[in-house]
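Student: Here's a structure for you.
Structure (structure tokens):
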């Protein structure tokens, strides 16, 4: 019985070393090398080639290498009986919240404007806004959304959150469901997207949402490129309803060299670095689930395939 | 008896409105308009023309509009009997710590590199450093230094501080005096200057200090331009001992259009905006000291002219 690693475009070597270091008895196979398909019961996966999972007759578990599972469940050919797991990672949440806090502060403090001014040798003493006077709205109040929200709250921001199901949180005012979305949006001076990517949330960030935000609002997308309607964003930046957008994720990654986003002065691009999975912090929970599968125990961090997260 | 406002290059109007709003009985004069010099007992000042204070025979107090008093005491002609006061401002401290936190995160997360990459349409997925693995050293552990240190500590950084006199702080390892400076510097991956500007600290940030920092260290100067030896900084950026510098203050402000700093790719310039004094948050303590002076009570926030802060 073996664990197979599938991650085209990434090097599986660091994962294999880390898995072996934690448990040298685990039989590990690489997708890009010859391996016995009938031996594979567990696949550790990131951006697999569509349709491959059907070739593994004894497959029981597909484990995502990261917090998102959209890259797995967007494949329609996964047999119903296979469990899918995601990763819950403290350092991933910490990294994400540091990144979001930084981008919120960069917006309040006009960092990108100062950078442009420097290129023009221009001294422009511009007043800033304060966290205490700024309401940040977080779309998606799963664990990641909650940790990011707490971080912003602890740094003085007023924080509100929206999610599909109701939450009751101490420091964050929460809204749930479609009927409360407008109320949530109209107060959000900064909108942060941390939604899971599902058929429900695809293109969620579109003109309907943008026009309900207050004038001058700022968008931060750290979820998935698929959440964003790119044409609508350009329109709402150009008509000055939105002040700007920090985008870390894109429909196509790497962002194509001729994409219109690169040249837009109100768009601030990072290359999917809000939180990068470190194998050493993920491997223990992957191995725990591998052992749980072998001993017939309930897996941790399984996702609901109907909900999509 | 009157209060005189001296702030060449700034508009005294907002100060006058705010003072009058708090206490309409105060007699206020502007330096740039005719006024009776013998009536003036109290001057609210920022960057006064050298030598003017001698012209006020009944002057008792010079109050700085901000936290720094170097602009006052650098004038050698101030009579010994005149008290000098600084401002202690919570929002000023909060603003400063937000700014410093933001610049620390921008360094760890390569924000300026991403900005350059965007201009070149370049996707470069670069790993980041974490606050938990980063020691920040703060030069100057007065109230401002302590508040900034707490903010960084609360956001996961390891924080150490250095000051002339000994401090005992819960979350910040402190060093005092010249004999402990080397020990402090050699661990500081990010060095933040929050020193008062005195004859002792002028050009403190020079080659002696830079070469004791670990290779790849980052400098953040949010104190005064006078603290920095500009040629030494350029040398240590160009020889790659320092990774970069975020500078908010300069020997000459506005920074002259032909200054070499503007074009240096490792220098990140902001225009003295780390914390901007808001008249409304300062005026109450100015008026309190004005009343204390009139009733012969001890003033608050007086500075020690020998120490210079």
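Residue numbers (this note's numbering), protein chains in the order written: chain A, 450 to 758; chain B, 450 to 758. Think of the CB as a built atom: it goes at the ideal place given N, C-alpha and C, for glycine as much as any other residue.
Report the start-end ranges of each alpha helix (DSSP H) in the region 592-640 of chain A that is 4 residues or longer and not cut off at the edges.
Tutor: Here the runs fully enclosed are 592-603 and 630-635.
Student: Which whole-angstrom value describes the C-beta separation of residue 676 of chain A and residue 654 of chain A, a residue pair presumed to lie in contact below a C-beta threshold of 8 Å?
Tutor: Taking the first residue of the first chain as position 1, residue 676 of chain A is located at position 227. Taking the first residue of the first chain as position 1, residue 654 of chain A is located at position 205. Right, their Cβ atoms sit about 5 Å apart.
Student: Answer yes or no: does any C-beta atom of chain A fall closer than 8 Å to that of residue 580 of chain B?
Tutor: Taking the first residue of the second chain as 1, we reach residue 580 of chain B at position 131. At least one chain A Cβ lies under 8 Å of residue 580 of chain B.
Student: Which residues, in chain order, does the region 592-619 of chain A contribute to contact with chain B at a C-beta distance below 9 Å?
Tutor: Listed in sequence order: 600, 603, 604 and 605.
Student: Taking the alpha helix (DSSP H) that residue 542 of chain B falls in, what are its first and last residues?
Tutor: For the purposes of this step, residue 542 of chain B is taken as residue 93 along the second chain, with counting starting at 1. Element bounds for residue 542 of chain B: 539-557.
Student: Can you tell which of B:487, B:713, B:498 and B:522 has its C-alpha closest to the C-alpha of residue 506 of chain B?
Tutor: Residue 506 of chain B sits at position 57 when you count from the first residue of the second chain. Residue 506 of chain B has its Cα closest to that of B:487, out of B:487, B:713, B:498 and B:522.
Student: Give the straight-line distance between the Cα atoms of residue 733 of chain A and residue 590 of chain A, rounded to the nearest whole angstrom.
Tutor: As a working note, residue 733 of chain A is residue 284 in the first chain. As a working note, residue 590 of chain A is residue 141 in the first chain. Each residue's alpha carbon lies about 25 Å from the other.
Student: For residue 653 of chain B, does the three-state DSSP call read helix, strand or coil?
Tutor: Along the second chain, one-based indexing puts residue 653 of chain B at 204. DSSP places residue 653 of chain B in coil when its eight states are reduced to three.
Student: If you measure between the beta carbons of residue 499 of chain A and residue 524 of chain A, is that distance less than 8 Å?
Tutor: One-based indexing of the first chain puts residue 499 of chain A at position 50. One-based indexing of the first chain puts residue 524 of chain A at position 75. Result yes, Cβ atoms of residue 499 of chain A and residue 524 of chain A sit closer than 8 Å.
Student: Below 7 Å between beta carbons is the criterion; list the residues of the region 714-740 of chain A that meet it against any residue of chain B, in chain order.
Tutor: Those residues of the region 714-740 of chain A that come within reach of chain B (Cβ to Cβ, closer than 7 Å) are 718, 719, 720, 721, 722 and 725.
Student: Judging by CA-CA distance, which residue of B:490, B:471, B:469 and B:456 is the nearest neighbour of residue 479 of chain B?
Tutor: Taking the second chain and counting its residues from 1, one reaches residue 479 of chain B at position 30. The option with the nearest alpha carbon to residue 479 of chain B is B:456.
Student: Is it a yes or a no for the region 532-552 of chain A touching the region 713-732 of chain A, going by three-plus beta-carbon pairs under 8 Å?
Tutor: With the cut-off at 8 Å, the region 532-552 of chain A and the region 713-732 of chain A touch.
Student: Hey, does residue 704 of chain A have any beta-carbon neighbour from chain B nearer than 8 Å?
Tutor: Within the first chain, the letter at position 255 stands for residue 704 of chain A. Yes, residue 704 of chain A counts as interfacial toward chain B.
Student: Indicate whether at least one CB of chain B lies closer than 8 Å to the CB of residue 700 of chain A.
Tutor: As a position in the first chain, residue 700 of chain A is number 251, starting the count at 1. Output row for residue 700 of chain A: interface = no.
Student: Comparing alpha-carbon positions, which option in A:608, A:711 and A:595 lies nearest residue 640 of chain A?
Tutor: Position 191 of the first chain, counting from 1, holds the residue named residue 640 of chain A. Comparing Cα-Cα distances from residue 640 of chain A to each of A:608, A:711 and A:595, the minimum goes to A:608.
Student: Are there 16 or more other CB atoms within 10 angstroms of the CB of residue 547 of chain A, so buried, or fewer, so exposed?
Tutor: Along the first chain, read from residue 1 onward, the residue named residue 547 of chain A stands at position 98. Label assigned to residue 547 of chain A: buried.
Student: Could you check which residue in B:698, B:638, B:594 and B:635 has the C-alpha nearest to that of residue 620 of chain B?
Tutor: Numbered from its first residue, the second chain carries residue 620 of chain B at position 171. Among B:698, B:638, B:594 and B:635, the Cα nearest to that of residue 620 of chain B is on B:594.
Student: How many angstroms separate the CA atom of residue 758 of chain A from the CA atom of residue 514 of chain A?
Tutor: Taking the first chain and counting its residues from 1, one reaches residue 758 of chain A at position 309. Taking the first chain and counting its residues from 1, one reaches residue 514 of chain A at position 65. Those two C-alpha atoms are separated by around 14 Å.
Student: Can you give me the Cβ contacts of residue 643 of chain A inside the same chain, cut-off strictly under 7 Å, excluding the 5 residues immediately before and after it?
Tutor: Along the first chain, one-based indexing puts residue 643 of chain A at 194. Result list for residue 643 of chain A: 587, 588, 589, 593, 594, 597, 671 and 672, in chain order.
Student: Distance cutoff 8 Å, beta carbons only. Does residue 667 of chain B sit that close to anything in chain A?
Tutor: The residue given as residue 667 of chain B occupies position 218 in the second chain. Answer no: the Cβ-Cβ gap between residue 667 of chain B and chain A never drops below 8 Å.
Student: Our contact map puts residue 477 of chain A next to residue 494 of chain A with C-beta atoms below 8 Å; I'd like the distance itself, whole angstroms only.
Tutor: On the first chain, residue 477 of chain A is found 28 positions in, with the first residue counted as 1. On the first chain, residue 494 of chain A is found 45 positions in, with the first residue counted as 1. Their Cβ separation, rounded to whole angstroms, is 14 Å, which puts residue 477 of chain A and residue 494 of chain A out of contact at 8 Å.
Student: Identify the contact partners of residue 514 of chain A in chain B, using a Cβ-Cβ distance below 7 Å as the criterion.
Tutor: Here residue 514 of chain A corresponds to residue number 65 of the first chain, with the count starting at 1. Near residue 514 of chain A there are no residues of chain B at all, since even the closest Cβ is about 15 Å away, more than 7 Å.
Student: According to the Cβ coordinates, are residue 638 of chain A and residue 584 of chain A closer than 8 Å?
Tutor: Translated into the one-based positions of the first chain, residue 638 of chain A becomes position 189. Translated into the one-based positions of the first chain, residue 584 of chain A becomes position 135. Result yes, Cβ atoms of residue 638 of chain A and residue 584 of chain A sit closer than 8 Å.
Student: Smallest Cα separation from residue 634 of chain A: which of A:647, A:657, A:618 and A:614?
Tutor: Against the first chain, residue 634 of chain A aligns to sequence position 185. With distances taken between Cα atoms, residue 634 of chain A lies closest to A:657.
Student: Once DSSP output is grouped into helix, strand and coil, what is the label at residue 491 of chain A?
Tutor: In the first chain, counting from the first residue as 1, residue 491 of chain A sits at position 42. Strand, per DSSP.
Student: Quick one: which chain B residues come within Cβ less than 7 Å of residue 570 of chain A?
Tutor: For the purposes of this step, residue 570 of chain A is identified with residue 121 of the first chain, where counting begins at 1. The answer, in chain order, is 706 and 711.
Student: Span of the alpha helix (DSSP H) holding residue 566 of chain A?
Tutor: Counting from one through the first chain, the residue named residue 566 of chain A turns up at place 117. That run of the alpha helix (DSSP H) goes 560-568.
Student: In terms of residues, what are the limits of the alpha helix (DSSP H) holding residue 465 of chain B?
Tutor: Within the second chain, numbered from 1, the residue matching residue 465 of chain B stands at position 16. 462-471 is the extent of the alpha helix (DSSP H) around residue 465 of chain B.
Student: Of all Cβ atoms in chain B, is any one closer than 8 Å to the Cβ of residue 574 of chain A?
Tutor: Indexing the first chain from 1 puts residue 574 of chain A at position 125. Yes, because at least one Cβ of chain B sits closer than 8 Å to the Cβ of residue 574 of chain A.
Student: By Cβ distance below 7 Å, which residues in the same chain neighbour residue 555 of chain B in space, the five residues on each side in sequence not counted?
Tutor: Along the second chain, read from residue 1 onward, the residue named residue 555 of chain B stands at position 106. Counting only Cβ-Cβ distances below 7 Å, and skipping sequence neighbours, we find 561.
Student: Determine which residues of the region 545-556 of chain B have a Cβ less than 8 Å from any Cβ of chain A, and write them out in chain order.
Tutor: Listed by position, the residues of the region 545-556 of chain B near chain A (Cβ gap below 8 Å) are 547, 548, 550, 551, 554 and 555.
Student: Reducing DSSP to helix, strand and coil, say where residue 730 of chain B ends up.
Tutor: Locating residue 730 of chain B in the second chain gives position 281, counting from the first residue. If DSSP states are grouped into helix, strand and coil, residue 730 of chain B belongs with the helices.
Student: The alpha helix (DSSP H) with residue 686 of chain A in it runs from where to where?
Tutor: Here the question's residue 686 of chain A lines up with position 237 in the first chain. Per DSSP, residue 686 of chain A belongs to the alpha helix (DSSP H) from 679-687.
Student: Just the C-alpha distance for residue 462 of chain B and residue 516 of chain B, rounded to the nearest angstrom, thanks.
Tutor: Locating residue 462 of chain B in the second chain gives position 13, where the first residue counts as 1. Locating residue 516 of chain B in the second chain gives position 67, where the first residue counts as 1. Approximately 20 Å between the Cα atoms of the pair.
Student: Name the chain A residues that come within less than 7 Å of residue 567 of chain B, Cβ to Cβ?
Tutor: Position 118 of the second chain holds residue 567 of chain B. Simply 711 and 718.
Student: Closer than 8 Å, Cβ to any Cβ of chain A: which residues of the region 490-507 of chain B, in chain order?
Tutor: Against chain A - using a Cβ distance shorter than 8 Å - the region 490-507 of chain B contributes no residues.
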